[in-house]
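First the structure, in the form of structure tokens, and then the observations on it.
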Amino acid sequence: MLPQVLKTSDLGAWVEALMAESRVAAPVLKETSVSDPTDLKFGWEYVADPADVRLDYTVTVLGPKKFLWPPRQKLLQYHLGARAEPEAIIDHEPHVLFGVHPCDITAIGTLDAAFAKDVPDPHYLARRSDTAIIGLDCGAPCDESSFCLDMGSLYPESGFDVMLTPLGDAYFVEVATRRGEALVEAAAVRPATKQDMEAHQAFAEEKRSNFHYKLPYELKYLPEILDASYDSLIWEAIARRCFSCGSCNIVCPTCYCFDVYDEVEADLTKGCRVRRYDSCQLDPFAEVAGGENFRQDRSSRLRHRMFRKGKYILEQTGRAGCVGCGRCERACVAGIGIKDTYVQIAGRQ
Amino acid sequence: MTQIDIEKGAAAASPYVPKMARIVAAEQMTETERFFRLEMEGEPLVYEPGQFVGVTVFGVGEAPISICSSPTQGDAFELTVRNVGLVTNALRGFETGGRLGIRGPFGNGFDYDAMKGQDVLFVAGGLGLAPTRSLIRYVLDKRDDFGKVTILVGARDPNLLLFREELAEWVEQSDADTLVTVDQPDKDWKGNVGVITRLFKQVEMDAARTYAVIVGPPVMFKFAVLEALARGVPEHRIICSLERHMKCGVGKCGHCQIRDVYVCRDGPVFTYEQVKRLREGI
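Chains as they are written, first to last, in the working numbering: chain V, 779 to 1127; chain G, 32 to 313.
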């Protein structure tokens, strides 16, 4: 489908039309700092009023991951007593994620790969296959913490159904899939003119000039650079500041480690098995029942996370474990940044 | 991942749903270890020595447990469970006729084909005898396929020895050399005393044609590997089985990951050569 153009003033009507068909989630303003009115905190929420949608957002505190991969998800239910008859709970309904930035599109691709490879996980994949993604291109970096250009997540080639590019008072609308075509049918679009296409190209050029590399090396060297740093004292040095609080895991758009536990209903007739986000930074993460803990040192846990993000996930899934969104750095109370860490290990053995 | 992979996976069966199994025998083996023989209610469990299953006590949770029997023993399979956590504690209350949920089998198992025609030295400490027994039973049941078989078993004290009757049978068996030791003997104990590595002195071996299968607590593993290396067993012929925190069994939840390896999927059986490279292995 050739590119289309949607006037900014028609955006709300489109969101409203999408809301009639499925649940629509989008970035909204959550909080404004009291001390600094320019410090806005955005979050992903189900849209109640199209006027709440803030496509001028920079980065959300949490990514849109929670709609595909809820913090707490029931996996199965069973009866207590003689006949357990466990059965899977796979709940999903049509979703539209409206206005997903390139880093988060890339991160969803990582989750897709992690849950689809080897043994597929239908609890995630059923939600994913029922979710349409309307991307929103970035013209400039969110802030100092982001390094999406370095991590190769700034120019996703797939993983979205529609891509919007802001062009002043209109959006350039590119359709990537058949599902995207159906979504755009509900929008008051018109075919892009030569001027629109020129404006889109100008946006792309400006985007290229606004983003700069922050790592001193190319992404392809990161796994080897990490390997060479394994025994470096740098890990202990950085870990001295770490509180092992797990905030980095909670805000990460690609973290997918989970804990599993059982719950029993109050009337003792039924139970269910639940999974919830877990954190590799917490002390008991690798501890076995007998008490042996294989990553007891904080530094070994911190190193494990940095290796997982820069090397293991990439090697396992072929997709980036870190998309350079900068959320973990912003969330870290000790000011530990994954970008700074990847800078620090360069050239160290 | 393409849209096709996502859609195919969305329609796949959940890997997290246990199947039902019935307990056909249960026995309190020591104060802390309980033994179960189980039969699946549908298709029998198809497994290899060294693999493990997820055991569900409904209403309590699931725990990963090594299979301690060999597929040569028939359709039923056996587990030896140490009472150390929520699920294993609940298992104390299960008797013959009880039903449990089973997922799996998971993991790679022992590569017994590589050991065929070779000598096999088993070194099992404490609960390490459970996963080791799956291979010991396999090797003894297919005795002609293997060379010299030596079985070293150690426990803290005589009361903690597992499979005592079977150990006595193995000791009597002429086609295998079995030595049992305890760290702290009681007054009735007449056998070897001391840590398991002391038994190495009594073992004659042709190191170049020996596989050393070493399973036990991390501290035992270190010293037993050292003995095996000192006797000249090559690193890739020293085999171990690692214990890790596990929640999913299918390489997703992240708990059992050591560097780039998921113990639940790529292990739990590794060679010392592999463990050494992992660094965080032991």
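From the three backbone atoms N, C-alpha and C, an ideal C-beta is built for every residue, glycine too. Because the structure is a prediction, the values reported are computed rather than measured.
Chain-order list of residues whose beta-carbon lies under 6 Å from that of residue i (same chain, five-residue window excluded)
i, result
"phenylalanine 925 (chain V)", "Lys992, Gly1102 and Lys1117"
"asparagine 988 (chain V)", "Ala918"
"alanine 238 (chain G)", "Arg262, Gly263 and Val264"
"phenylalanine 1063 (chain V)", "none"
"cysteine 920 (chain V)", "Thr836 and Val837"
"glutamate 197 (chain G)", "none"
"phenylalanine 876 (chain V)", "Val802, Ala804 and Ile912"
Span of the alpha helix (DSSP H), counted from its first residue to its last, around residue i
i, result
"glutamate 70 (chain G)", "Taken as a continuous stretch (DSSP letters only), glutamate 70 (chain G) belongs to no alpha helix (DSSP H), being part of the beta strand (DSSP E) at 64 to 71."
"tryptophan 792 (chain V)", "789 to 799"
"glycine 887 (chain V)", "880 to 894"
"threonine 119 (chain G)", "117 to 121"
"histidine 978 (chain V)", "972 to 988"
"arginine 956 (chain V)", "956 to 963"
"threonine 1095 (chain V)", "1091 to 1095"
Chain V contact for residue i (CB, 8 Å cutoff)
i, result
"aspartate 188 (chain G)", "no"
"arginine 174 (chain G)", "no"
"threonine 119 (chain G)", "yes"
"glycine 156 (chain G)", "no"
"isoleucine 37 (chain G)", "yes"
"lysine 253 (chain G)", "no"
"arginine 262 (chain G)", "no"
"alanine 161 (chain G)", "no"
"phenylalanine 66 (chain G)", "no"
"methionine 51 (chain G)", "yes"
"phenylalanine 89 (chain G)", "yes"
"glutamate 93 (chain G)", "yes"
Residue i at chain G interface by Cβ criterion, 8 Å
i, result
"arginine 1019 (chain V)", "no"
"aspartate 890 (chain V)", "yes"
"tyrosine 856 (chain V)", "yes"
"proline 842 (chain V)", "no"
"arginine 968 (chain V)", "no"
"tyrosine 1090 (chain V)", "yes"
"alanine 904 (chain V)", "yes"
"cysteine 1035 (chain V)", "yes"
"phenylalanine 1072 (chain V)", "yes"
"glutamate 1093 (chain V)", "yes"
"alanine 894 (chain V)", "yes"
"isoleucine 911 (chain V)", "no"
"alanine 866 (chain V)", "yes"
"cysteine 1026 (chain V)", "no"
Within 8 Å, strictly: CB atoms of residue i and residue j
i, j, result
"alanine 1112 (chain V)", "cysteine 1020 (chain V)", "yes"
"alanine 859 (chain V)", "alanine 829 (chain V)", "It is worth fixing the name first, because residue 859 (chain V) is glycine in this sequence and not alanine. No. Outside cutoff."
"phenylalanine 83 (chain G)", "proline 95 (chain G)", "yes"
"valine 244 (chain G)", "glycine 140 (chain G)", "no"
"threonine 909 (chain V)", "phenylalanine 845 (chain V)", "yes"
"alanine 41 (chain G)", "alanine 803 (chain V)", "no"
"leucine 854 (chain V)", "glutamate 865 (chain V)", "yes"
"leucine 784 (chain V)", "proline 944 (chain V)", "no"
"valine 250 (chain G)", "leucine 273 (chain G)", "no"
"leucine 117 (chain G)", "threonine 241 (chain G)", "no"
"aspartate 150 (chain G)", "lysine 173 (chain G)", "no"
"glutamate 266 (chain G)", "threonine 228 (chain G)", "no"
"alanine 155 (chain G)", "valine 184 (chain G)", "yes"
"alanine 964 (chain V)", "glycine 1096 (chain V)", "no"
"serine 1025 (chain V)", "cysteine 1110 (chain V)", "yes"
"aspartate 188 (chain G)", "valine 211 (chain G)", "no"
"isoleucine 1016 (chain V)", "leucine 1080 (chain V)", "yes"
"alanine 43 (chain G)", "proline 900 (chain V)", "yes"
"cysteine 1030 (chain V)", "arginine 1105 (chain V)", "yes"
"valine 806 (chain V)", "lysine 819 (chain V)", "no"
"aspartate 1037 (chain V)", "arginine 1054 (chain V)", "yes"
"aspartate 974 (chain V)", "phenylalanine 950 (chain V)", "yes"
Close beta carbons around residue i, own chain, < 7 Å, minus the five adjacent residues each side
i, result
"methionine 71 (chain G)", "Lys50, Ala52 and Ile133"
"proline 46 (chain G)", "Val281"
"arginine 268 (chain G)", "Thr241, Tyr242 and Ala243"
Beta-carbon proximity list for residue i, same chain, < 8 Å, skipping 5 on both sides
i, result
"proline 136 (chain G)", "Leu76, Val77, Tyr78, Glu79, Gln82, Phe83, Val84 and Ile98"
"lysine 1089 (chain V)", "Leu1000, Pro1001, Leu1004, Asp1005 and Gly1099"
Start-to-end residues for the beta strand (DSSP E) that takes in residue i
i, result
"isoleucine 270 (chain G)", "269 to 272"
"tyrosine 824 (chain V)", "818 to 824"
"histidine 1082 (chain V)", "Run containing histidine 1082 (chain V): none in the beta strand (DSSP E); it sits in the alpha helix (DSSP H), 1076 to 1085."
"tyrosine 1008 (chain V)", "First-last for tyrosine 1008 (chain V): undefined, no H or E at that position."
"cysteine 926 (chain V)", "Element bounds for cysteine 926 (chain V): n/a, residue is neither H nor E."
Is the segment 144 to 151 of chain G touching the segment 103 to 122 of chain G in the sense that three or more CB pairs, one from each, lie closer than 8 Å?
no
If we count Cβ pairs, one from each stretch, closer than 8 Å, do we get three or more for the segment 1073 to 1081 of chain V versus the segment 874 to 888 of chain V?
no
Are there three or more Cβ pairs, one per stretch, closer than 8 Å when the segment 246 to 262 of chain G is compared with the segment 287 to 295 of chain G?
no
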